[in-house]
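Keeping their order, the protein sequence lines are chains A and B. Going by our numbering, the first sequence opens with residue 15, and the numbers climb by one from there. Going by our numbering, the second sequence opens with residue 248, and the numbers climb by one from there. This report concerns only the one structure given below.
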Amino acid sequence: MDNKRYYILFPSHTEGMKMEKLLKENKLKYTIVPTPREISSCCGISIMYSKKDEEKIKVLAQNCNVKTLGFHCVDKKIVNPYL
Amino acid sequence: MEKVRCDIIKLIAILSRIKEEYVIIMADYKKLWTKLGIDLEKHDKLCAVLPELYGGVYLTQKNRPEGMNYFNFVVAEVHGLRIQELDDYKAQGGKVVGTFCVFVPDEVILAAKAIGVGLCSGSQFWVEDGEKVLPRNICPLIKALMGAKVGGTCPYFQSCDMLIGETTCDGKKKAWEILNDYVPVHVMELPQMKREKNCEAWAEEIKEFMSKMEELTGNKITVESLRQGIKTANAKRKALKRLYNLRKYKPSPISGLDVLLISQIAFYDDPDRFVEKLNELCDELDERVKKGVDEGKKRIMITGTPMALPNWKLHSIIEGLNAQVVVEETCTGTRYFENEVCEDGETIDDLVKNLADRYMKINCACFTPNTGRIDDIIKYADEYHVDGVIDFNLSFCHTYAVEHKYVEKSLKEKNIPVIQIETDYSTEDSGQIKTRVEAFLEMI
């Protein structure tokens with residue numbers, strides 16, 4: 015099973031919110047998530063996206079001047095500790 | 248060659264800029280946490296657990312409503328943005344108070360222009376520090392809230408100018424005495440019976456609480472500010488009620504886990520923003536209801552003790568099976584929002600009476616007798632089309648544990664299946680609980 019998940023990190027939540035607005039307007043699927051520890055030890059938001067939309071998102075971010083801390087991938091199985 | 252060199256220099260410049268920004272942002276919250284007296288090293292361990300726990304419990308759910316993104320955001324920024332907002336408010340001279348119980352009237356806090364945050368703690372992380380000052384055979388909620396303060400690992404606790412305790416149980420009642428060594432605690436004496444004189448006594452307690460809040464904030468509570476506080480709190484109740492009403496549909500358009508999270512966030516988020524976002528989510532759920540296809544999941548009610556953030560254990564186990572939690576008759580459920588406070592009245596006394604009347608309708612096991620709770624459970628079982636009831640009991644919560652006998656008897660008389668599950672915040676007994684819930688689902 016593919017355990018790869020893709021995340022955009024931001025220098026601040028306001029940049030993240032800008033990105034969210036763009037994704038919503040362009041009807042791209044996304045989920046706001048706490049930043050995975052594997053990418054950064056900084057508490058705060060990231061946006062999880064589909065790999066197939068990556069190029070589109072990058073263009074959007076660039077055109078609308080959204081500052082990101084890059085596009086990242088985490089390859090790890092997510093488990094529910096209660097199950 | 249020259250071009251490559253230029254490109255490399257450019258790249259280094261970009262990378263170092265990114266790194267700089269990154270360090271600045273990280274340092275920002277750290278600076279705030281340091282100012283609040285947080286034990287950074289220990290707190291970092293907590294920060295490390297959250298993304299994985301949230302990922303495992305919440306992000307593994309399929310087909311979540313898009314409106315949950317706001318609540319994802321609040322969780323992700325739980326020790327960041329909201330703490331920053333509290334700090335900004337304090338910098339302008341505002342006050343922050345922490346509460347632990349649905350009996351403490353938010354309306355009074357709002358009327359005194361303070362910010363209230365619900366502090367009940369739902370993580371095993373804090374239990375160890377709590378056990379350093381409390382007996383081990385006390386409920387995990389009390390141990391966790393104590394541990395969060397004495398260990399200095401909760402920025403909400405650290406932001407509070409005052410804590411508002413209450414006398415709902417013996418454990419909490421005595422815990423305030425210890426907490427008072429760390430931060431001023433005002434304790435509201437909650438009556439344990441519901442006779443007329445008890446309701447009057449509660450109204451007096453609310454008045455005393457008002458004076459305390461006026462003293463703390465320097466803001467006089469007026470008829471208008473109290474009425475506004477009531478309106479704000481009622482708007483939150485209406486929005487939560489709207490959400491719960493949507494769960495009455497088959498299938499419920501939202502998971503029990505997601506609703507639990509929303510209820511938990513209701514206790515500390517900005518009330519106006521929360522109401523706006525929750526109503527947006529409900530608009531989306533209205534649409535979902537139209538397209539819902541019943542997959543025959545068993546519909547479960549949870550009744551009993553509260554589930555404070557991030558206690559998602561029982562919901563997670565139930566919804567990992569072929570079942571859905573459709574209503575919580577708990578303090579992090581219906582008890583928080585049922586019954587609005589009447590907004591009519593000419594005087595402070597009128598409004599205080601309205602408050603006392605509403606709050607004394609909450610059916611908590613600290614009262615004797617507490618038959619109203621049974622009536623509520625039976626009513627909800629019908630309204631939410633419940634297949635079975637799980638009486639959830641945090642370990643060592645005596646009032647609810649004792650009350651189970653009567654809950655069980657009354658539900659059996661109505662042919663409503665019920666089991667009791669007593670547990671704490673650890674994951675050790677998860678497998679055992681899963682087996683019991685599985686058997687229960689097969690039976691109903």
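Where a beta carbon is used, it is the ideal one built from N, C-alpha and C, also for glycine.
The beta carbons of B:Y276 and B:G327 sit closer together than 7 Å.
In the DSSP annotation of this structure, A:F85 is not part of any alpha helix (DSSP H); the continuous beta strand (DSSP E) holding it starts and ends at F85 to D89.
In this structure, DSSP gives B:F639 an extended state, which the three-state scheme calls strand. Listed in chain order, the non-local C-beta contacts of B:H632 below 8 Å within the same chain comprise K495, K497, R546 and V573, local neighbours out to five positions each way being set aside. The secondary-structure analysis by DSSP pairs B:V588 with nothing; it has no beta-bridge partner.
In the assembly as shown, A:V93 is an exposed residue. Its beta-carbon has fewer than 16 other beta-carbons within 10 Å. For A:I59, a Cβ of chain B is located within less than 7 Å of the residue's own Cβ. Assigned with DSSP and collapsed to three states, B:E669 falls in strand.
Taking a beta-carbon distance threshold of 7 Å, A:N17 does not count as an interface residue toward chain B. Between B:C644 and B:T552, the C-beta gap is smaller than 7 Å, which places the two residues in contact. Inclusion of B:V351 and B:E413 in the CB contact set at 7 Å is warranted, their separation being smaller than that value. Annotated three-state conformation of A:Y21 is strand, per DSSP. With contact defined as three or more Cβ pairs closer than 8 Å, the segment 513-532 of chain B and the segment 594-610 of chain B are not in contact. Spatial neighbours of A:Y44 in its own chain (CB-CB distance under 6 Å, excluding positions within 5 residues in sequence) are listed in chain order as L37, I61 and Y63. Of all alpha-carbon atoms in B:K659, B:G635, B:V654 and B:K656, the one lying nearest the alpha-carbon of B:A686 is that of B:G635.
Setting aside the 5 residues that flank it on each side, B:E587 is surrounded in the same chain by N481 and R484, each with a C-beta closer than 6 Å to its C-beta; the list follows chain order. From the listed residues B:L641, B:E566 and B:L528, the smallest Cα separation to B:L504 is found for B:E566. Against chain A, the CB of B:C529 has no partner CB under 7 Å away; the residue lies outside that interface. Less than 7 Å divides the Cβ of B:I564 from the Cβ of B:K681. DSSP links B:T346 through a beta bridge to B:G365 and B:I411.
Beyond the five residues adjoining it in sequence on each side, B:A395 comes within less than 7 Å, by CB distance, of S368, W373, C401 and F404 in the same chain, given in chain order. The criterion of a C-beta distance shorter than 7 Å is satisfied by B:I637 and B:I549. For B:I564, the chain A residues whose Cβ falls inside 8 Å of its Cβ are Y96 and L97, in order along the chain. For B:V470, the enclosing alpha helix (DSSP H) starts and ends at V470 to L493.
Under the three-state reduction of DSSP output, B:M548 falls in the strand class. The beta-carbon distance between B:L598 and B:I477, rounded to whole angstroms, is 7 Å. This is short enough to meet the 8 Å contact definition.
Between the alpha carbons of B:G341 and A:T49 lies a distance of about 31 Å.
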